[in-house]
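J.: Just passing along the structure, written as structure tokens.
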Amino acid sequence: MTVPETSASKRIGVFDSGVGGLSVLREIHGHLPNIPTIYYADQAHLPYGMRTPEDVRQLVDLAAEFLIAHGARVLVIACHTASAASLHDLRARHRDIPIVGMEPAVKPAAERTQTGVIGVLTTRVTAQSELYRKVVDRFARGVQVITQPAPELVTMVEQGTQDTPEGEAILRRYLAPLEAAHADYLVLACTHFPFLADKLQALTDIALIDPGAAVARQVTRVLPADVVPADAAHLYYTTGDPAQFQRSLNRLLGIDAPVQQAL
Ligand code: DGL
Numbered sequence: 004m005t006v007p008e009t010s011a012s013k014r015i016g017v018f019d020s021g022v023g024g025l026s027v028l029r030e031i032h033g034h035l036p037n038i039p040t041i042y043y044a045d046q047a048h049l050p051y052g053m054r055t056p057e058d059v060r061q062l063v064d065l066a067a068e069f070l071i072a073h074g075a076r077v078l079v080i081a082c083h084t085a086s087a088a089s090l091h092d093l094r095a096r097h098r099d100i101p102i103v104g105m106e107p108a109v110k111p112a113a114e115r116t117q118t119g120v121i122g123v124l125t126t127r128v129t130a131q132s133e134l135y136r137k138v139v140d141r142f143a144r145g146v147q148v149i150t151q152p153a154p155e156l157v158t159m160v161e162q163g164t165q166d167t168p169e170g171e172a173i174l175r176r177y178l179a180p181l182e183a184a185h186a187d188y189l190v191l192a193c194t195h196f197p198f199l200a201d202k203l204q205a206l207t208d209i210a211l212i213d214p215g216a217a218v219a220r221q222v223t224r225v226l227p228a229d230v231v232p233a234d235a236a237h238l239y240y241t242t243g244d245p246a247q248f249q250r251s252l253n254r255l256l257g258i259d260a261p262v263q264q265a266l
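Just so you know, we're using my numbering here: the sequence shown kicks off at 4 and counts up by one.
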């Protein structure tokens, strides 16, 4: 049975500027099967990584209000850029709701590196954020961190162009300085990038770190008691084109579900 959208199901609310957060959603679905989720993609305003932090904060506020109004009782900011710009403010504003955000996974990379060099693929807003600076200062002492903002890769995942010759050339261009510096771990510090993992791994031996599963485990830990398994459909909204998002959902996660317009 599919419970209509108006049902009172309490949900996990997952947010990203686009399809990237689906890399976190698939882990949440894996760790918490049958817990209803609602996913909000702000594709009308993508890419966040090219906006100002203030701009991102305003957009994230709207998304959070939307998700809460549609039954979210825990928020997952499945976007490094949005987390870096607004997690602090958002938690202050919504003290009654657990909020899980993304933190660049520098710690596991710095702990595991044998060569003493790690790479971080991310967005400009994340790279310039205080959160990122703190994570690097705290966890990467004595480790060389090569930080690469990679806006084209966000577009690449949205459009699914990584298997074209142009796509492969762009990926090689990002990998070249990491290979030259003998990096042995690469942190995927943008939730879009795990969808490039197979392609990247075909081009390099550098080990990739995707924080999606760790975030899903954290959601399990903070899940409010009234968010329970239910026979309700997962909900998907975009501020962009629902038909296009529906195709991406199918391409990236193999899910065939209706997508609604969020205004
Ligand atoms: N998926 C987002 C992140 O994790 C970024 C995409 C964007 O620039 O909009 O940072």
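Just so it is clear, CB atoms sit at the ideal spot from N, CA and C, and this is done for glycine as well.
Because the structure is a prediction, the values reported are computed rather than measured.
1. Can you tell me which of 50, 100 and 49 puts its alpha carbon nearest to the alpha carbon of residue 72?
2. Taking just the CA atoms, how far does residue 117 sit from residue 255?
3. Would you kindly report the start and end of the unbroken beta strand (DSSP E) that includes residue 104?
4. CB-CB under 6 Å to residue 251, same chain, minus the five flanking residues each way: which ones, in chain order?
5. Just list the residues that DSSP pairs residue 124 with in beta bridges.
6. Counting only beta-carbon atoms, is residue 19 nearer than 9 Å to chain B?
7. For the alpha helix (DSSP H) that residue 201 lies in, which residues bound it at each end?
8. Between residue 56 and ligand 1, is there a pair consisting of the residue's CB and a ligand heavy atom that are separated by less than 8 Å?
9. Relative to the C-alpha of residue 191, which candidate in 207, 148, 124 and 136 has its C-alpha closest?
10. To the nearest angstrom, how far is the alpha carbon of residue 257 from that of residue 235?
11. Using 10 angstroms around the beta-carbon of residue 261, count the other beta-carbons present and answer buried if the total reaches 16, otherwise exposed.
12. With DSSP collapsed to three states, give me the class of residue 23.
13. Reducing DSSP to helix, strand and coil, say where residue 118 ends up.
14. Have a look at the DSSP bridge pairing and note the partners of residue 136.
15. Going by the DSSP bridge assignment, what does residue 14 pair with across the sheet?
16. Along the alpha helix (DSSP H) that carries residue 177, what are the first and last residues, could you check?
17. What are the boundary residues of the alpha helix (DSSP H) that residue 211 is part of?
18. Once you ignore the five residues that flank residue 157 on each side, which residues in its own chain have a CB closer than 6 Å to its CB?
19. Using only CA atoms, which one of 189, 28 and 17 lies nearest to residue 111?
20. What do you reckon, are the CB atoms on residue 138 and residue 109 nearer than 9 Å?
21. Roughly how many whole angstroms lie between the Cα atoms of residue 120 and residue 263?
22. At the level of alpha carbons, what is the spacing between residue 2 and residue 265?
23. Pull up the DSSP beta-bridge partners for residue 42, would you.
T.: To lay it out plainly:
1. Considering only alpha carbons, the answer is 100.
2. Taking the straight line joining both Cα atoms gives about 33 Å.
3. Residue 104: member of the beta strand (DSSP E) spanning 102 to 104, first to last residue.
4. Excluding positions up to five away in sequence, the list reads 22.
5. For residue 124, which the question treats as bridged, DSSP gives the partners 151 and 191.
6. Checking the listed chains, one finds no chain B in this structure; it contains a single protein chain.
7. In the DSSP assignment, residue 201 falls within the alpha helix (DSSP H) that extends over 200 to 206.
8. For residue 56, the Cβ stays outside the 8 Å cut-off from all heavy atoms of ligand 1.
9. Residue 124 is the option with its Cα nearest to residue 191.
10. Approximately 19 Å, taken between the alpha carbons.
11. It counts as exposed.
12. Coil.
13. Residue 118: coil per DSSP, three-state reduction.
14. Answer is none; residue 136 lacks a bridge partner.
15. Answer is 75, bridged to residue 14.
16. Boundaries of the alpha helix (DSSP H) harbouring residue 177: 168 to 183, taken from the DSSP string.
17. Premise fails: residue 211 lies in the beta strand (DSSP E), 210 to 212, not in any alpha helix (DSSP H).
18. Listed in chain order, the non-local C-beta contacts of residue 157 below 6 Å within the same chain comprise 50 and 195, local neighbours out to five positions each way being set aside.
19. Residue 189 is the option with its Cα nearest to residue 111.
20. Taking the C-beta atoms as reference points, residue 109 is found nearer than 9 Å to residue 138.
21. Cα to Cα, residue 120 sits roughly 44 Å from residue 263.
22. Nothing can be reported for residue 2, as the shown portion of the chain is limited to 4 through 266.
23. Partner(s): 17 and 239.
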